[in-house]
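*Asks:*
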Amino acid sequence: MTVSCSGSPEDLPTESANAQVQTEFGPVRGTVEETHRVFQGVPYAAAPVGAHRWRSPRPAEPWSEVLDATRPGPPCPQAAASFADVESLEEDCLTLNVTTPNTARTDALKPVMVWIHGGGGANGAGHFFGAKRLAVDEDVVVVTLNYRLGILGAFGHPGLEGAGTFGLQDQQAALRWVQQNIAAFGGDPRNVTLFGESYGGLAVVAQLASPTAETLFHRAAIQSSLAFMDYPEGTLMPDAPAIPSMWLSTPEVEALGQIMAAELGCVDPETALPCLRDLPVESLLPLSSVFTRFAFGDATLPEDPTVALRAGRFHRVPVLSGATRDEARLFIATFYDLADREVTKEGYDALLLQAFGGHAAAVKAKYPVDAYESPSVAWAAVVTDRVWALGTWQQTHALAHHTVMHAYEFADRNAPPIIPFPPGFPPGAHHSAEVVYQFQLDEHEADLTPEQWQLAADMNRYWANLARTGDPNDARLPSWPRFDAAASVPHVQSLAPGEGGIRSVDYVTEHHLAFWAGLE
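Here it is in structure tokens:
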């Protein structure tokens, strides 16, 4: 990335002195609007290029002239995907974005909320998530960031230090930048909340379990995390093999890296890493989706985070965690109906048999196809409950045994879909549906009803209260009791619009979790 600088402070626009901030690396100039300030594309680490590809992030190179922070930095390298039509080849991508209310002052520091984007581990960028509403309405400082993805973020090979954890290390480098610099933007480095959705939620779990992240954040919010999930055969996408865990061990990622290195023509173990570092990034991207699982077994992530959380070996900060009511509808619509593979009644039977073998008949009896709008929607209900809800419940229980936990389910089944769904396939409260209630995606606000806007305001208030005090509650909002793992029906806060939309839900009954536990 080329750092764009401009002249001395007296040459800067005069709309507000708050447009310029001095960081430890040099001055930055952002954009000042009526209600907020935005600083984009601020480097938090040096370029991980050349010999530094697949190495730990290094501090950014200092600059003396004013850095133009009015435009976002490039996304980290990625190929376009069915759910993310973005391509990038720029490895010099380790930047972050800071959004503050115009009331931010260095003598009255505000809570900081650091967002880790999702995207399946191979796609996404921090600047896709506009944070002005969250920052202004809740009087917080919001940071979004880029981190290395796919083959650049989770690659492993024998002898490669940090194998499978480079994306996690980038996130920690950004958190260290926050500790050192956010006070200059009016944020409190002693009050940092880490939150993320989907793959970003999984990353938050990893940071909770990472010894090297200690003291870098003080609360956590986990949205639709994959951390405790496993996929029976065919449930990830058509004909996909079973995935027993969303984590790899260091030996597993090293072995996978050797196979991929050979495919790329870097066969000799003695020279494989220099060979791979010399390859153009565009030759690596076709293999990027192979490396979307972080690895454990080194200093960044010593053990499987599911093991660490169950044993209480994690940073015991207050946590808010949950998922959406109809998670899998997004994926079934994308990989089946929109790919001309709509599930038929006969196909539904075949999918159940492929995934559950001798239990297929029991699953079909619990999820009869005629009870749903279509066989595709029935299959989405099965995958939602078996994969997403069961994994979310296991994660919630693991955390609640050791720290203060508040659990939720986003349940607005009329939420605006983030992709065009096929006719006859109701989107429901699908995966990522809640994110448009929190952020402006690609700088655009969602088309919400007045009741949905109220839900968005309430959700952001809950999340910001967590950031302020470690407790999502306040007198203005419906009460949200903490999750008690020992209760007969632990409290899960259902988040939906309208009168009575925010209420307790029996998550176990709603998602047939006793049935699924009995099949294990």
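Following full-length UniProt numbering, the residues of the sequence shown are numbered contiguously, the last one being 520. Every residue, glycine too, gets a C-beta built ideally from N, C-alpha and C.
1) Tell me the DSSP bridge mates of Phe296?
2) Which whole-angstrom value is the C-beta distance of Ala206 and Pro62, which I expect to be below 8 Å?
3) Could you spell out where the alpha helix (DSSP H) holding Thr469 opens and where it closes?
4) Have a look at the DSSP bridge pairing and note the partners of Val141.
5) In whole angstroms, what separates the C-alpha of Ala220 from that of Glu346?
6) Buried or exposed: where does Gly322 fall if 16 or more other Cβ atoms within 10 Å of its Cβ makes it buried?
7) Residues bridged to Tyr231 by DSSP?
8) How many angstroms separate the CA atom of Ala411 from the CA atom of Glu161?
9) Bridge partners of Pro59, per DSSP?
10) What is the rounded straight-line gap between the Cα of Phe128 and the Cα of Ser245?
11) Strictly by DSSP, which residues pair up with Arg22?
12) Leaving out five residues on either side along the sequence, give the residues of the same chain with a beta carbon under 6 Å from the beta carbon of Trp177.
13) Which of the three DSSP states is assigned to His127 in this structure?
14) Taking all protein chains shown into account, decide if His444 is buried (16 or more other Cβ within 10 angstroms of its Cβ) or exposed.
15) For Asp447, tell me which candidate among Asn465, Trp247, Asn414, Phe25 has the shortest Cα-Cα distance.
16) Inspect the beta-carbon positions of Val317 and Phe217 and report whether they are closer than 8 Å.
17) Please return the same chain residues whose Cβ sits closer than 7 Å to the Cβ of Tyr199, not counting the five positions on each side in sequence.
18) Reducing DSSP to helix, strand and coil, say where Pro490 ends up.
19) Return the chain-ordered list of same chain residues with a C-beta closer than 7 Å to the C-beta of Val136, the five sequence neighbours on each side being excluded.
20) If you follow the alpha helix (DSSP H) that Leu208 is part of, which residue opens it and which one closes it?
21) Quick check: the Cα distance between Ser4 and Leu309, rounded to an integer number of angstroms?
22) Is it right to say Pro280 is buried, meaning 16 or more other beta carbons lie within 10 angstroms of its own, or is it exposed?
23) Give me the residue from Leu175, Gln223, Gln354 with the minimum Cα distance to Asn146.
24) Return the chain-ordered list of same chain residues with a C-beta closer than 7 Å to the C-beta of Leu109, the five sequence neighbours on each side being excluded.
25) With a threshold of 8 Å, are at least 3 pairs of Cβ atoms found where one atom belongs to the stretch 334-353 and the other to the stretch 454-463?
26) Our contact map puts Thr103 next to Val142 with C-beta atoms below 8 Å; I'd like the distance itself, whole angstroms only.
27) What is the DSSP secondary structure of Gly196, counted as helix, strand or coil?
28) Which same chain residues, not among the five before or five after Pro375, have their C-beta less than 7 Å away from its C-beta?
*Replies:* The structure says:
1) Ser249
2) Between Pro62 and Ala206 the Cβ distance is about 30 Å, and since that is not below 8 Å, they are no contact.
3) 450-469
4) Bridge partners of Val141: Val112.
5) 44 Å
6) buried
7) Ile243
8) A direct Cα-Cα distance of roughly 43 Å separates Ala411 from Glu161.
9) According to DSSP, Pro59 bridges with nothing at all.
10) 29 Å
11) A small fix is needed here, since residue 22 is Gln in this sequence, not Arg. Pro27, per the DSSP bridge assignment.
12) Tyr44
13) helix
14) exposed
15) It is Asn414 whose Cα lies nearest to the Cα of Asp447.
16) yes
17) Gly118, Gly119, Gly120, Gly121, Leu226
18) coil
19) Taken in chain order, the residues that qualify are Thr35, His36, Pro101.
20) 199-209
21) Here Ser4 scores only 43 on pLDDT, less than 50, and its place in the model should not be relied on; the value that follows carries that caveat. Those two C-alpha atoms are separated by around 43 Å.
22) Counting other Cβ atoms within 10 Å of its Cβ, Pro280 stays below 16 and is therefore classed as exposed.
23) Leu175
24) Ala183, Gly186, Gly187, Asp188
25) no
26) Between Val142 and Thr103 the Cβ distance is about 14 Å, and since that is not below 8 Å, they are no contact.
27) The DSSP-derived three-state label of Gly196 is strand.
28) Val343, Thr344, Lys345, Gly347, Tyr348, Val369
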